[in-house]
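To keep things clear, I will list the structure first and then write my remarks on it.
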Amino acid sequence: MSKGLSKIFSSSLLGVDAYLVEVEVDIHPGLPAYTTVGLPDTAVRESKERVRSALKNNGYEFPSQKITVNLAPADRKKEGSSFDLPIAIGIISTYLNFPEEKINSFLLMGELALDGRLKPIKGALASAFLAKEKGFQGIILPKENAREASLVEKINVYGMNHVIEVVEFFLGEVKSENKFELAEFNFSPVFDVDFSDVKGQFHVKRALEVASAGSHNVLMIGPPGSGKTMLARRIPTILPEMNIDEIIEITKIYSASGLNLEDGIIKQRPFRSPHHTITDVGLIGGGQIPKPGEISLAHNGVLFLDEFPEFEKSALESLRQPMEDGKVIISRAGISVTFPSKFMLIAAMNPCAETMGFSGEEYDCTHYQKMKYYSKLSTPLLDRIDIHVEVPKVKFHEMISDGNEESSDKIRARVEKARKIQWERFKGKKIWANSQMGKKELKKYCVLDGQSLQLMEMAMNRLKMSARAFDRILKVSRTIADLEGEEHIKSYHVSEAIQYRMLDRTFL
C-alpha cells in the first residue's frame with residue numbers, strides 16, 4: 099500500500115442491518131483540500147472539521163495537502179458520524195507505522211469529539227454481527243457501545259474512550275479490551291407497574307390474559323377514565339420473558355434507531371404508544387433512507403394506539419399487512435429494506451366522539467353517534483383484531499376496596515404455560531402463537547364437538563355475527579383451552595370467545 103494511501107474497514111446501516119464500508123484515505127501533494135466521495139450525507143461531510151480538531155488537539159498531524167476520502171461501495175448513501183474514527187486512523191496511518199495486517203483485522207466505528215474523545219454511535223450490535231460474518235478479528239468502537247456489541251459471541255469487542263487509545267492499540271503499546279460474556283448480563287426485566295394496581299375490571303383483565311397467551315390483538319372500548327390506558331401499560335408485565343434471540347432482535351432495532359439502551363440491551367418487551375397525529379412514515383417506517391417505524395420499535399412487544407379512530411385512516415390501513423406478516427417491506431429507488439414487526443396491537447377508543455361517561459348502564463351517546471364514530475375504522479382492519487372488549491366505568495366500591503388484586507407474576511405464570519403449549523405445537527413452523535394460525539392449522543388444532551358447533555351456529559345466526567368472525571373465535575377458543583391445559587376445545591371455551599366479539603354482536 100502506498101505511503102499516502104490507507105484503507106480502513108468500517109460499516110454503515112441499511113435498515114437494521116450493517117454492510118461493509120471501505121474507508122480509503124488518499125493524501126498527495128497539492129493545494130490543501132479535503133474531499134469526501136461515496137454519497138456522504140451532511141454528517142459525514144462535516145467529519146472533516148471534527149477529525150481535524152481531534153487530531154490537532156492531541157498532537158497528531160493533519161496534513162496540509164490534498165486529502166481524498168472514498169467510502170466504498172460508492173453507490174450507497176452513507177450517513178451518520180461513525181466514520182470519524184476510521185477516517186482519523188486512515189490519516190494517521192499514512193505517516194505512522196501501523197502494521198497493515200493488524201489494521202485490516204478490525205472493524206472501526208466512532209464519532210469524534212473535538213478533544214478526541216469517542217462518542218457513542220448507532221448500530222453497534224449490527225456492526226458486531228457484520229464483523230463476525232466477515233471474519234474480522236474484532237471490532238473497535240466507543241466504550242459506551244461495547245456491552246451492546248458483546249451480545250455477539252465469538253468476536254472480540256474493544257471499547258475505547260479516546261482516539262489516543264486506538265492509536266496506541268495499533269502501535270502495540272496498549273491492549274485495551276472491554277469484553278463481556280452473555281452470562282454477565284442480567285436479562286430479568288424490572289417493571290414499575292403491576293396488574294395488582296388495577297381495581298375491578300376483572301372481565302377486562304381476563305380478556306387481556308387470553309390475548310397475551312395467544313398474542314391476539316385487542317380493541318378496548320370504554321368511556322374516558324375507565325382505565326384503558328392503565329390496563330394497556332401493564333400488558334408487558336404479563337407477557338413471557340424474552341429469550342436471547344428476541345432480546346438481540348429488538349436491541350438491534352433500537353440500536354439502529356439511535357435510541358438509548360439501558361445497560362446495553364433491551365431486557366423487557368417494548369411498549370410503544372405513539373400519538374394519534376403520527377404520520378404513515380412514523381408509524382410504518384420509511385424515509386429517504388428507510389428507518390424503522392413504531393411498529394418495528396414494538397417488535398416482540400406491544401403497540402398501543404389510544405384514541406384509535408383519531409389516527410389517519412391511511413396510517414391505520416397500512417397496519418394490515420404487517421399485522422398479518424410480522425414484517426414490513428420498505429422499497430425505495432434501488433433499495434428494499436425489511437423491518438421486523440411482530441407485535442400485539444392494543445387499541446383503545448371511546449364509545450363515540452361525544453361521550454363523557456355512563457348514564458346508568460348505557461353510554462351517553464346514541465346508536466347513530468356510535469355508528470358514525472366506528473365508521474372511521476375499516477372492516478378489514480377490524481377483522482385483524484381478535485378481541486373486542488368493553489371497559490366500563492369503575493364503580494365506587496371497587497375503587498375504595500382493599501381486595502387482593504391478582505399480581506402480574508401470577509397472571510404471567512399462566513400465560514407462559516399456555517405459550518409453551520403453543521411453542522411445542524408449532525415447532526418447526528413460522529408460527530409463534532395461536533393468533534398466527536392459518537386455515538390448515540385451524541382445521542387441525544381447532545376441531546369443535548357437536549355442542550360447540552351448535553353454539554357457533556347460534557352465534558352466527560341469532561347474534562348476526564358475520565363469517566369473518568368465525569376464524570377469530572376459533573383462534574381465541576384455542577387459546578382459552580390452552581390456558582386451562584385442555585387438549586380439545588370445549589363449548590364453554592367457545593362461549594367465552596364469542597363474548598369477546600363485542601363489535602360483531604352489537605354494531606356491525
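Residues 99 to 606 in the numbering used here are what the sequence shown spells out, letter by letter. Yeah, the Cβ is synthetic: ideal placement off N, Cα and C, and Gly gets one too.
| request: Determine the direct distance from the alpha carbon of Lys411 to that of Val489, and round the result to whole angstroms. | output: Translated into positions along the sequence shown, residue 489 becomes position 391. Translated into positions along the sequence shown, residue 411 becomes position 313. Those two C-alpha atoms are separated by around 24 Å.
| query | With 16 as the cutoff for other CB atoms within 10 Å, does Asn398 come out buried or exposed? | reply | Here residue 398 corresponds to residue number 300 of the sequence shown, with the count starting at 1. It counts as buried.
| field | Residue(s) in a DSSP beta bridge with Leu206 | value | Residue 206 sits at position 108 when you count from the first residue of the sequence shown. According to DSSP, which records beta bridges pairwise, Leu206 is partnered with Ile238.
| Any idea if Ile254 is buried or exposed, counting beta-carbon neighbours within 10 angstroms, 16 or more meaning buried? | Mapped onto the sequence shown, residue 254 falls at position 156. According to the sequence shown, residue 254 is Asn rather than Ile. Classification for Asn254: buried.
| task | Kindly give me the distance between the Cβ atoms of Ile485 and Ala309, rounded to whole angstroms, as I take these residues to be in contact under 8 Å. | result | Within the sequence shown, the letter at position 387 stands for residue 485. Within the sequence shown, the letter at position 211 stands for residue 309. So it is a contact: roughly 5 Å between Cβ atoms.
| message | Let's test the definition: count the other Cβ atoms within 10 Å of the Cβ of Glu209 and tell me whether it reaches 16, buried, or not, exposed. | response | On the sequence shown, position 111 is the one that residue 209 refers to. Glu209 should be labelled buried.
| query | Under the rule that 16 or more other beta-carbon atoms within 10 Å means buried, what is Asn315, buried or exposed? | reply | For the purposes of this step, residue 315 is taken as residue 217 along the sequence shown, with counting starting at 1. Buried is the call here.
| said: Quick check on Leu118: does DSSP put it in helix, strand or coil? | reply: Here residue 118 refers to the residue found at position 20 of the sequence shown. Three-state result, Leu118: strand.
| task | Report the three-state DSSP secondary structure of Ile428 (helix, strand or coil). | result | In the sequence shown, residue 428 corresponds to position 330, counting from 1. Three-state result, Ile428: strand.
| field | Given Ile201 as reference, the closest of Leu395, Met318, Gly270 once Cα atoms are compared | value | Position 103 of the sequence shown, counted from the first residue, corresponds to residue 201. Ranking the options by Cα distance to Ile201, first place goes to Gly270.
| query | Do the CB positions of Gly608 and Ala152 come within less than 8 Å of each other? | reply | Residue numbering for the chain in the displayed model covers 99 to 606; residue 608 lies beyond these limits and cannot be assessed.
| request: If I'm right that Ser313 touches Ala531 with Cβ under 8 Å, what's the distance once you round it to whole angstroms? | output: For the purposes of this step, residue 313 is identified with residue 215 of the sequence shown, where counting begins at 1. For the purposes of this step, residue 531 is identified with residue 433 of the sequence shown, where counting begins at 1. With 8 Å as the limit, Ser313 and Ala531 qualify as a contact, their Cβ atoms being about 4 Å apart.
| Can you tell me whether Gly458 is buried or exposed, with buried defined as 16 or more other CB within 10 angstroms of its CB? | Counted from its first residue, the sequence shown places residue 458 at position 360. Note that Gly458 has pLDDT 42, beneath the 50 cutoff, so the model's placement of it is unreliable and no number is given.
| field | Coarse secondary structure for Arg148, derived from DSSP in three states | value | As a position in the sequence shown, residue 148 is number 50, starting the count at 1. Helix at Arg148.
| query | In chain order, what residues of the same chain lie with their CB nearer than 6 Å to the CB of Arg566, ignoring the 5 residues before and after it? | reply | By 1-based counting over the sequence shown, the position of residue 566 is 468. Cβ within range, chain order: Asp481.
| query | With burial defined as no fewer than 16 other Cβ atoms inside 10 Å of the residue's Cβ, what is the status of Asn448: buried or exposed? | reply | By 1-based counting over the sequence shown, the position of residue 448 is 350. With 16 or more other Cβ atoms within 10 Å, it is buried.
| request: Return the bridge partner residues of Ser434 from the DSSP annotation. | output: Position 336 of the sequence shown holds residue 434. Ser434 pairs with Ser429.
| field | CA nearest to the CA of Glu539, picked from Gly323, Gly548, Lys528, Asp547 | value | In the sequence shown, the residue the question calls residue 539 occupies position 441. Checking every option, the nearest Cα to that of Glu539 belongs to Lys528.
| task | Closer than 8 Å by C-beta to Phe234: which residues in its own chain qualify, once you throw out the five before and the five after it? Chain order, please. | result | Start at 1 with the first residue of the sequence shown, and residue 234 comes out as number 136. Result list for Phe234: Phe107, Ser203, Phe204, Leu205, Ile253, in chain order.
| request: Put His586 into one of helix, strand or coil per three-state DSSP. | output: The count along the sequence shown starts at 1 and reaches residue 586 at position 488. Coil at His586, not helix or strand.
| field | Straight-line gap, Pro161 to Pro127 (C-alpha atoms, nearest Å) | value | As a first step, residue 161 must be located in the sequence shown, where it is residue number 63. As a first step, residue 127 must be located in the sequence shown, where it is residue number 29. Taking the straight line from one Cα to the other gives about 10 Å.
| query | In the region 123-204, which residue ranges form an unbroken alpha helix (DSSP H) of at least 4 residues, counting only runs that do not cross its ends? | reply | 140-143, 145-154, 182-190, 198-201
| request: Tell whether a beta-carbon distance below 8 Å holds between Phe227 and Val250. | output: Numbered from 1 along the sequence shown, position 129 holds the residue referred to as residue 227. Numbered from 1 along the sequence shown, position 152 holds the residue referred to as residue 250. The answer is yes: Cβ separation under 8 Å.
| query | Among the residues of its own chain, which have a CB less than 6 Å from the CB of Val513, if the five just before and after it don't count? | reply | Residue mapping note: residue 513 aligns to position 415 of the sequence shown, counting from 1. For Val513, where only same-chain residues beyond five positions count, the Cβ hits under 6 Å are Ser310, Ala311, Ile336.
| said: Using 8 Å as the threshold, is the C-beta distance between Val261 and Ile185 below it? | reply: If you number the sequence shown from 1, residue 261 lands on position 163. If you number the sequence shown from 1, residue 185 lands on position 87. No, the pair does not count as a contact, with Cβ atoms beyond the cut-off.
| Exposed or buried, Ala330, counting other C-beta atoms within 10 Å across all chains shown (16 or more means buried)? | The residue given as residue 330 occupies position 232 in the sequence shown. So Ala330 counts as buried.
| task | Compute the Euclidean distance between the alpha carbons of Val167 and Ala305, then round it to the nearest angstrom. | result | On the sequence shown, residue 167 is found 69 positions in, with the first residue counted as 1. On the sequence shown, residue 305 is found 207 positions in, with the first residue counted as 1. Each residue's alpha carbon lies about 59 Å from the other.
| request: Please name the residue in Gly548, Ile587, Asp361, Ile444 whose C-alpha comes closest to that of Lys326. | output: One-based indexing of the sequence shown puts residue 326 at position 228. Cα-wise, what sits closest to Lys326 is Ile444.
| query | By DSSP, does Arg332 sit in helix, in strand, or in coil? | reply | Here residue 332 refers to the residue found at position 234 of the sequence shown. In the structure shown, Arg332 sits in coil (DSSP, three-state: anything other than H, G, I, E or B).
| message | Measuring only the C-alpha atoms, how far is Leu129 from Ala211? | response | Working through the sequence shown from its first residue, we reach residue 129 at position 31. Working through the sequence shown from its first residue, we reach residue 211 at position 113. Those two C-alpha atoms are separated by around 27 Å.
| task | With a threshold of 16 other CB atoms inside 10 Å of the CB of Lys241, please say whether the residue is buried or exposed. | result | For the purposes of this step, residue 241 is identified with residue 143 of the sequence shown, where counting begins at 1. Result: buried.
| task | Please name the residue or residues paired with Leu112 in a DSSP beta bridge. | result | For the purposes of this step, residue 112 is taken as the residue at position 14 of the sequence shown. Looking at the DSSP assignment, Leu112 forms a beta bridge with Asp115.
| Taking three-plus beta-carbon pairs below 8 Å as touching, is the region 288-296 in contact with the region 501-508? | yes
| field | Met600 - partner residues in DSSP beta bridges | value | One-based indexing of the sequence shown puts residue 600 at position 502. In DSSP, Met600 forms no bridge with anything.
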